[in-house]
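Novice:
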Amino acid sequence: MPRLTFLPLNLVVDCSEGESVFDAGRRAGVPISTACVGRGTCGLCRVRVREGEANLTAFTETESRHLGNVYFLTKERLSCQTRVLGDAAVETRLAEARPPGKSR
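Note that the sequence shown covers residues 755 to 858 in my numbering.
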């Protein structure tokens with residue numbers, strides 16, 4: 755079972771293979787910004803990949819529309835579009851986080 759670490763909380767979550775970073779975080783109580791509750795339409799649920807990039811699904815077309823080429827510079831991904839395939843670590847944007855379903 756893959757393990758996903760949420761930084762800066764240092765919270766380690768066991769994930770099902772193929773589970774989204776967003777869903778794993780929400781299940782564990784990690785605050786991740788969202789306005790669309792994980793449907794890939796708002797672009798707010800950004801996380802930065804810190805470890806295990808090869809253990810996450812490939813950058814998606816939806817992410818490209820929201821992030822452009824920023825991924826290649828900063829390793830930011832949309833947590834709702836990024837699925838866990840193996841152990842990885844992501845950094846959340848805690849200062850900007852809002853509970854699921856709450857808009858800005």
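Backbone N, C-alpha and C define an ideal beta-carbon position, used for all residues, glycine too.
Bear in mind that the values here come from a model prediction, so they are computed numbers and not experimental data.
1) Hey, how far is the Cα of S857 from the Cα of T788?
2) Determine the closest residue to R819 out of T828, L832, E807, T811, with distance taken between C-alpha atoms.
3) Do F776 and C834 have their C-beta atoms within less than 7 angstroms of each other?
4) Taking the Cβ atom as the reference point for each residue, do R837 and G794 lie within a distance shorter than 7 angstroms?
5) With H, G and I counted as helix, E and B as strand and the rest as coil, what does DSSP make of T759?
Specialist: According to the structure data:
1) Residue placement at S857 is poorly supported in this model, since its pLDDT is 43, which falls under 50; the coordinates are not used for a value here.
2) Measuring from the Cα of R819, the nearest candidate turns out to be L832.
3) Against a cut-off of 7 angstroms, the Cβ pair of C834 and F776 comes out as a contact.
4) Against a cut-off of 7 angstroms, the Cβ pair of G794 and R837 comes out as no contact.
5) Three-state result, T759: strand.
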